[in-house]
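Since the structure comes first, as structure tokens, the remarks are kept for the end.
Numbering (my numbering), first residue to last: 50 to 126.
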């Protein structure tokens, strides 16, 4: 299990990776969830301001996460 968290303009964006599920939370609210086994996952969400969140998770031996807001890369780990 791995979690990634960033703060963007006072908003908390949390990506949770557990066995067979990935979740995107914005300010504590579940915005998107993917269930099942996959090497790559995309999650989508929105801020109250209308800004779009895109999350890309993938990897074989180690999970990597990229978080974008309005197509601007905010986290690459």
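Where a beta carbon is used, it is the ideal one built from N, C-alpha and C, also for glycine.
Give, in chain order, every unbroken run of the beta strand (DSSP E) that is at least 3 residues long and sits entirely within the stretch 70 to 95. List check, beta strand (DSSP E) in window: 70 to 75, 78 to 84, 89 to 95.
Between which residues of its own chain and residue 93 is the CB-CB distance below 8 angstroms, once the five residues before and five after are set aside? Within the same chain, and ignoring the five residues on either side of residue 93 in sequence, the residues whose Cβ sits closer than 8 angstroms to its Cβ are 73, 80, 81, 101, 102, 103, 104.
From 83, 52, 115, residue whose alpha carbon lies closest to that of residue 71: It is 83 whose Cα lies nearest to the Cα of residue 71.
Once the 5 residues before and after residue 86 are set aside, which same chain residues still bring their CB inside 8 angstroms of it? The answer, listed in chain order, is 69.
CA-CA distance, residue 88 and residue 115? Distance between the alpha carbons of residue 88 and residue 115: 14 angstroms.
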